[in-house]
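Everything on this sheet refers to the single structure shown next.
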Amino acid sequence: MAPRKKRKGSSGTRTRLKLFNTISMRKERFESLTPAQVKMFVCGPTIQDYIHVGHVRTYVFYDVLARYLMYLGFDVRFLLNVTDIDESIVKGAKKRRRTVESFLELNERAFLRDVKALGISTINSFERVSGYLPVMIQQASGLVRSGHAYRADGGVYFDVEKFPDFGKLSRQSRDELALRPLEISPKKRNQVDFSLWRPTTSTEQRWESPWGLGTPGWHIQDTAVSVANFGPQYDIHGGARELIYPHHEAEIAQVEALTGLKPFVRYWVHTGLLTIDGRKMSKSEGNVYYAHDLLRRHDVNSVRLYFAGLHHRKDAEFDEDSIERIEEKYWEWKGRVESVQRRMPREDTTADGGKLTPFLRALDDDIDGPRAVKLLGSMIREAARERDLRLLARLYAAIASASQILGIGLVKDVN
33 MAPRKKRKGS SGTRTRLKLF NTISMRKERF ESLTPAQVKM FVCGPTIQDY IHVGHVRTYV
93 FYDVLARYLM YLGFDVRFLL NVTDIDESIV KGAKKRRRTV ESFLELNERA FLRDVKALGI
153 STINSFERVS GYLPVMIQQA SGLVRSGHAY RADGGVYFDV EKFPDFGKLS RQSRDELALR
213 PLEISPKKRN QVDFSLWRPT TSTEQRWESP WGLGTPGWHI QDTAVSVANF GPQYDIHGGA
273 RELIYPHHEA EIAQVEALTG LKPFVRYWVH TGLLTIDGRK MSKSEGNVYY AHDLLRRHDV
333 NSVRLYFAGL HHRKDAEFDE DSIERIEEKY WEWKGRVESV QRRMPREDTT ADGGKLTPFL
393 RALDDDIDGP RAVKLLGSMI REAARERDLR LLARLYAAIA SASQILGIGL VKDVN
């Protein structure tokens, strides 16, 4: 069960926590839009295949972030979208000789099994984007009416020239953007314009719209889900760094142009890439390592501890040898904690007496996982040496809280 203990002295709105905000490129003190509540949207997978260890890194980080926000006293509404509209899904279904819906159900069940097996317990809602088609059409129609989008060749495109802030998240000038055209088409006014709705020849995934049969663009799928659930402004939007442009850039443009409210999202929090042999993990590279294969080989607590030890913003090379070493460390820690537990006084105590403070300070600094893991190890070693039962009880309480926040089972029934 994820932690819900409120940190002493927290207002539930403004805390010591600082998060690196991609849009400002600096650490900012976290303050929620609504007192004591956090709304967090994280881009989920396209369910054309199983999730891989790159996804694991991302989702485990946001689970830890949500756990910490809950520890601070926030009611966290954590929504993860599930993309079930994509050409790769139709191709995958044909390859497996399945209907699109049965293929999606198969992959969605596998995804939810993996999430559960990873100990990710903080996500309140998994939302398939196809359930929001009316909202997508409504948003695209609104952008056409406001002049921020136009019809062309049976589709609808967002006109980036009508949104001067386009490029602010990825910090690109107009000249730089021109070098990165999107969806090249002679029908577009500008090659950086992106589709809100496009015609399709597919008979598997197409829907009626004011512009004829077609399919929604990638970016409007996510804004339909987020705005329908959270409204036009919310606290945190997360995902891997590779989504900054064009995906998250386009999301900002769509919603801020449609509503006139800024900012659409207060904190843009991104994770770094996970590589294998220096290359991004992808099916096309042939270097995909699936989450379920990882969990067959390693204990989930060791997997979570490994990813917690990688700073979330930095690109990292996946190293299974490191997981094996961490697995040895985890079981050593587990044994020490169980030994401490046997020495604990009988009376129940939850006060850590300030022993947890350095660990919390590490998390307050942009969720510094590597430092937090190191400090957890220090607490465990100190507890193993401690002879004063009063101090031992404080250390044990601190270790239990740290285990809750990181989602690792060092203490029985605390993960």
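Each residue of the sequence shown is one higher than the last, beginning at 33 in the numbering used here.
C-beta: ideal position from N, C-alpha, C; glycine also.
For clarity, every value in this text was computed on a predicted model and none was experimentally measured.
What do you get for residue i, buried or exposed, if any count of 16 or more other CB atoms within 10 angstroms of its CB means buried?
i	result
Asn139	buried
Asp197	exposed
Leu214	buried
Ser316	exposed
Gly310	exposed
Leu211	exposed
Ala432	buried
Arg109	buried
Trp250	buried
Pro248	buried
Glu159	buried
Glu283	buried
Trp229	buried
Gly367	exposed
Gly386	exposed
Gly244	exposed
Met102	buried
Leu293	exposed
Arg61	exposed
Ser64	buried
Ile216	exposed
Thr389	exposed
Lys71	buried
Rounded to whole angstroms, how far is the Cβ of residue i from the Cβ of residue j, which I believe are closer than 8 Å?
i	j	result
Thr115	Gly163	Incorrect: roughly 12 Å between the Cβ atoms, too far for contact.
Val287	Val259	6 Å
Val74	Leu150	About 14 Å separates the two Cβ atoms, so there is no contact after all.
Val320	Leu326	At roughly 11 Å, the Cβ-Cβ gap does not stay under 8 Å, so Val320 and Leu326 are not in contact.
Glu236	Val132	5 Å
Pro231	Gly186	4 Å
To the nearest angstrom, report how far apart residue i and residue j are at their CA atoms.
i	j	result
Ile440	Lys148	13 Å
Ile155	Leu112	7 Å
Gln373	Tyr428	8 Å
Ser354	Met313	18 Å
Gln171	Arg221	20 Å
Ser43	Ala68	Below a pLDDT of 50, predicted positions are generally treated as unreliable, and Ser43, at 42, falls in that range; the measurement from the model is reported next regardless. Straight-line Cα distance between these residues: approximately 8 Å.
Phe339	Val122	33 Å
Phe226	Ala416	59 Å
Thr233	Ser134	21 Å
Leu136	Arg375	51 Å
Ala394	Pro264	32 Å
Arg298	Asp267	5 Å
Gln436	Ser410	17 Å
Asp397	Glu364	28 Å
Ile412	Tyr362	11 Å
Asn175	Glu208	Residue identity check: residue 175 is Leu in the sequence provided, not Asn. Each residue's alpha carbon lies about 25 Å from the other.
Thr143	Ile79	A small fix is needed here, since residue 143 is Phe in this sequence, not Thr. Roughly 8 Å separates the two Cα atoms.
Gly401	His324	24 Å
Gly179	Arg58	34 Å
Arg328	Asp146	11 Å
Ile117	Arg238	9 Å
Gly270	Pro242	32 Å
Val167	Tyr100	32 Å
Over what stretch of residues does the beta strand (DSSP E) that includes residue i continue unbroken?
i	result
Glu159	157-160
Gln286	That residue, Gln286, is in no beta strand (DSSP E); its alpha helix (DSSP H) goes 281-291.
His87	Not the beta strand (DSSP E): His87 falls in the alpha helix (DSSP H), residues 85-103.
Lys9	There is no way to answer for residue 9, as the model of the chain reaches only from 33 to 447.
Thr235	Run containing Thr235: none; DSSP gives neither H nor E here.
Val320	Taken as a continuous stretch (DSSP letters only), Val320 belongs to no beta strand (DSSP E), as it is neither H nor E.
Leu228	226-230
Arg109	107-114
Val297	297-303
Arg183	181-184
Thr307	306-308
Phe190	187-190
Residue range of the alpha helix (DSSP H) that residue i falls in?
i	result
Val259	250-262
Leu65	Where Leu65 is concerned, there is no enclosing alpha helix (DSSP H), given that its DSSP letter is neither H nor E.
Asp325	323-329
Ala272	Segment 266-272 is the beta strand (DSSP E) holding Ala272; no alpha helix (DSSP H) there.
Leu136	132-149
Asp369	It should be noted that the sequence gives Val, not Asp, for residue 369. First-last of the alpha helix (DSSP H) with Val369: 352-375.
Asn333	332-340
Leu423	421-438
Arg417	401-417
Val176	165-177
Pro390	389-396
| Cβ contact check for the segment 296-308 and the segment 348-363: 3 or more pairs under 8 Å | yes
ask   = Any contact of the segment 271-285 with the segment 247-257, i.e. 3+ C-beta pairs under 8 Å?
value = yes
Flag this pair as touching only if the segment 79-88 and the segment 420-427 have three or more C-beta atom pairs under 8 Å; answer yes or no. no
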